[in-house]
Amino acid sequence: MTKLTFIAHDGTHFDMDAENGSTVMENAIRNAVPGIEAECGGACACATCHVYVDEAWTALVGEPEAMEEDMLDFAYDVQPNSRLSCQIKVRDALDGLVVRVPARQG
Amino acid sequence: MTDITKTDVLIVGAGPVGLFAVFELGLFDMKCHLIDILDRPGGQCAELYPEKPIYDIPGWPSISAQGLVDKLLEQIAPFKPDFTYNRMVSSLEKLEDGGFRVTTDENEVFEAKVVVIAAGGGSFQPKRPPIPGIEPYEGKSVFYSVRRMEDFRGHDLVIVGGGDSALDWTLNLQPVAKSVTLVHRRPEFRAAPDSVNKMYAMQEMKQLAFRVGQVTGLAGADGKLSSAVIKGPDGDVEVPCTRMLPFFGLTMKLGPIAEWGLNLHENLIPVDTEKFQTSVPGIFAVGDINWYPGKLKLILSGFHEVALMAQAAKRIISPGERIVFQYTTSSTSLQKKLGVVET
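Going line by line, the protein sequences match chains Z and H.
Position one of the first sequence corresponds to residue 15 (the working numbering), numbered consecutively onward.
Position one of the second sequence corresponds to residue 215 (the working numbering), numbered consecutively onward.
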């Protein structure tokens, strides 16, 4: 199990154990993290699971691919550390990952 | 006097479940008319993820979402359903004879004995862009689509977005508008490369302005915009703006169905699990939009729901008629309806 933390917009921390291979978005939905809507269910077809990857983790998490970058155009207040959480797969190297939920989705 | 389109069953939503409803209803000789807010059938399958594979359609180990829509259209073709696209149902009233009158946002009027709501996650509507204080300008200076190009003549136009809609309207409205500024958060676009090249060429010739950035503020009064603030890599820039066209994609909203008195449960329509009928007899709800204990939002659940719904709809449309349960594999009468045997 890999540890994962979401910080909601109001500062509440959501700590969870995530299965490797699952997406960061799926874990948010399972744990009812407020502010992650995932309208399209993880098809990289909306931008409602937008998160900011904690600065300490951006290098490990990596850059969005072209399709995700396109989708990020629809997100609110996109920053250099913006990612769609449905496109980040949980793996051992990401143990302890911290992501922040934006003020609003799309 | 508006023309009234009459049909047996009016289906709201032409996604996979709405389409398959035509099949099940058609087997019982009920004629269907579908209304959808999109410009084509398929709902979320066509709009959100046409090329993505679906793995849980029985008998199809993998099928693309658009592929499923195409197959469903082929499957329901013998029943000759009618389609009305680009329309949102706006109101529904019960008629004295027990049927329903449904009106669209363009004031077309339909009358049906049965209404089936297969509206999925709701109707696709333009997403409001993340610009603070945009609401008072909507419909006056800020528009989400172009109905008449003339409405933009002589205006300082700001177009926001990086897809085909944004690029196409930038190019098409450039000759009409007083000035055009295209705003997108990065220099790469999701649009046809040809349009992007044309846009850059026009920028080169100073016929329009392209700015990398996000619109962060609006100024104006009484719904009339005067300028927009664009936050770019070099800081904030204020540009004249009397019309704005933001293209931020589509989102799903329940819309006017919420006003139909169907006792919503968390924005979903409660139904029974025998008929999938709502609290109003004669109005059914199937697919992602309905709710009952144990509901799963799966396409295959919707397919099951329409089969049972069709039986109940038949009892309303042909009261007293005995409903014979038949298999398409063995029933000559069903096969005739499907056009697979000589009539």
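We put the beta carbon where it would ideally sit given N, CA and C, even for glycine.
Can you find at least 3 beta carbon pairs, one from the stretch 389 to 398 of chain H and one from the stretch 416 to 430 of chain H, that sit closer than 8 Å? The stretch 389 to 398 of chain H, when compared against the stretch 416 to 430 of chain H, does touch it at the 8 Å Cβ threshold.
Determine which residues share a DSSP beta bridge with H:VAL520 and list them. Partner residues in a beta bridge of H:VAL520, as assigned by DSSP, do not exist.
Rounded straight-line distance, which links the Cα of H:PRO495 to that of H:LYS245: H:LYS245 and H:PRO495: Cα-Cα distance of roughly 19 Å.
Report the residue from H:ASN411, H:PHE498, H:VAL520 and H:LEU432 whose alpha carbon sits nearest the alpha carbon of H:LYS327. Checked all of H:ASN411, H:PHE498, H:VAL520 and H:LEU432; the closest Cα to H:LYS327 is H:PHE498.
Assess, as a yes-or-no matter, whether the stretch 332 to 346 of chain H is touched by the stretch 250 to 265 of chain H under the definition of 3 or more beta carbon pairs within less than 8 Å. Taking 8 Å as the limit for Cβ pairs, the verdict is that the stretch 332 to 346 of chain H does touch the stretch 250 to 265 of chain H.
Any Cβ of chain Z within less than 8 Å of the Cβ of H:PHE424? Interface criterion not met: the Cβ of H:PHE424 is under 8 Å from no Cβ in chain Z.
Kindly indicate which residue of H:GLU325, H:ASP486 and H:GLY463 has the alpha-carbon position closest to the one of H:ILE218. Considering only H:GLU325, H:ASP486 and H:GLY463, the residue with the shortest C-alpha distance to H:ILE218 is H:GLU325.
Name the DSSP beta bridge partners of H:ASN504, please? Beta-bridge partners of H:ASN504 (DSSP): H:ILE483.
Going by alpha carbons, who is nearest to H:LYS341 out of Z:HIS23, Z:ALA61, Z:ILE50 and Z:VAL113? When the alpha-carbon of H:LYS341 is set against those of Z:HIS23, Z:ALA61, Z:ILE50 and Z:VAL113, the nearest one is in Z:ALA61.
Report the option in H:VAL554, H:ILE503 and H:ASP408 whose CA atom is closest to the CA atom of H:ALA228. For H:ALA228, the nearest C-alpha among the options comes from H:ILE503.
Say whether chain H places a C-beta atom closer than 8 Å to the C-beta of Z:GLU79. Proximity of Z:GLU79 to chain H, defined by a Cβ-Cβ separation below 8 Å, is not satisfied.
Nearest to Z:GLU69 by CA position, among Z:GLN101, Z:CYS54, Z:ASP31 and Z:GLY110, is which residue? When Z:GLN101, Z:CYS54, Z:ASP31 and Z:GLY110 are compared, the shortest CA-CA separation from Z:GLU69 is found for Z:GLY110.
Exposed or buried, H:PRO533, counting other C-beta atoms within 10 Å across all chains shown (16 or more means buried)? Here H:PRO533 is exposed. Its C-beta has fewer than 16 other C-beta atoms within 10 Å.
Output needed in chain order: residues of the stretch 49 to 63 of chain Z with a Cβ under 9 Å from some Cβ in chain H. Of all residues in the stretch 49 to 63 of chain Z, those with a C-beta nearer than 9 Å to a C-beta of chain H are GLU53, CYS54, GLY55, ALA57, CYS58, ALA59, CYS60, ALA61 and THR62, reading in chain order.
Under 8 Å (Cβ pairs) to chain H, residues found in the stretch 90 to 111 of chain Z: Of all residues in the stretch 90 to 111 of chain Z, the ones placed with a Cβ closer than 8 Å to any Cβ belonging to chain H are TYR90, ASP91 and VAL92, in chain order.
Z:PHE28 at chain H interface by Cβ criterion, 8 Å: For Z:PHE28, no CB of chain H lies under 8 Å from its own CB, so it is not counted at the interface with that chain.
Does any residue of chain Z have a CB that is nearer than 8 Å to the CB of H:TYR263? At least one chain Z Cβ lies under 8 Å of H:TYR263.
Beta strand (DSSP E) containing H:PRO340: first to last residue? 337 to 340 is the span of the beta strand (DSSP E), which, as asked, contains H:PRO340.
Which whole runs of the alpha helix (DSSP H) in the stretch 251 to 308 of chain H are 4 residues long or more, in chain order? For the stretch 251 to 308 of chain H, whole alpha helix (DSSP H) runs of length 4 or above, ordered along the chain, are 257 to 261 and 279 to 290.
For the stretch 318 to 350 of chain H, which residues have a beta carbon sitting closer than 8 Å to at least one beta carbon of chain Z? Within the stretch 318 to 350 of chain H, the residues whose Cβ lies closer than 8 Å to some Cβ of chain Z are GLY335, LYS341 and PRO344, listed in chain order.
Do H:VAL500 and H:GLY516 have their C-beta atoms within less than 8 Å of each other? Going by C-beta atoms, H:VAL500 is nearer than 8 Å to H:GLY516.
Quick one: what's got a C-beta closer than 7 Å to H:GLU320's C-beta in the same chain, skipping five residues either side? Excluding sequence positions up to five before and after H:GLU320, its CB lies within less than 7 Å of the CB of ARG301, all in the same chain and listed in chain order.
Decide if H:GLU261 is buried, meaning its Cβ has at least 16 other Cβ atoms within 10 Å, or exposed. Buried is the call here.
Quick check: the stretch 101 to 120 of chain Z against the stretch 303 to 321 of chain H, are at least 3 beta-carbon pairs closer than 8 Å? With fewer than three CB-CB distances shorter than 8 Å, the stretch 303 to 321 of chain H does not count as touching the stretch 101 to 120 of chain Z.
Given that H:GLY463 touches chain Z, what residues does it touch there, using C-beta distances under 9 Å? By Cβ distance, chain Z contributes CYS60, ALA61, MET85, ASP87, PHE88 and GLY120.
Buried or exposed: which applies to H:LYS294, given that a residue is buried once 16 or more other Cβ atoms fall within 10 Å of its Cβ? H:LYS294 should be labelled exposed.
Residue nearest to H:GLY437 in terms of C-alpha spacing, selected from H:VAL226, H:GLU352 and H:GLN280: Closest option to H:GLY437, judged by alpha-carbon separation, among H:VAL226, H:GLU352 and H:GLN280: H:GLU352.
Report all residues from its chain with a CB closer than 8 Å to the CB of H:ILE277; omit the five preceding and five following residues, and keep chain order. Taking H:ILE277 as the centre and dropping the five residues before and after it, the same chain places the C-beta of PRO267, ILE268, ILE271 and LYS285 closer than 8 Å to its C-beta, in chain order.
From the DSSP output, in three-state form, read off H:ILE444 for me. Reduced to three states, the DSSP call for H:ILE444 is strand.
Can Z:SER96 and Z:THR37 be called in contact, C-beta distance under 8 Å? It is not a contact, given that the beta carbons lie outside the stated cut-off.
H:GLY232 in three-state terms, based on DSSP: Note: H:GLY232 maps to helix in three-state DSSP.
I'd like to check one pair, H:ALA380 with H:PHE490: are the Cβ atoms closer than 8 Å? In this structure, the beta-carbon distance from H:PHE490 to H:ALA380 does not fall below 8 Å.
To the nearest angstrom, how far is the alpha carbon of H:GLY469 from that of H:VAL555? About 43 Å.
Rounded to whole angstroms, what is the Cα-Cα separation between H:VAL303 and H:GLY376? CA-CA distance, H:VAL303 to H:GLY376, rounds to 30 Å.
On a Cα-Cα basis, can you pick out the residue from Z:ALA57, Z:ALA52, Z:PRO94 and Z:ALA107 that is closest to Z:CYS63? Of the candidates Z:ALA57, Z:ALA52, Z:PRO94 and Z:ALA107, the one whose C-alpha sits nearest the C-alpha of Z:CYS63 is Z:ALA52.
Using a 10 Å radius around the Cβ and a threshold of 16 neighbouring Cβ atoms, would you call H:PHE539 buried or exposed? By the neighbour-count rule (16 or more Cβ atoms within 10 Å), H:PHE539 is not buried but exposed.
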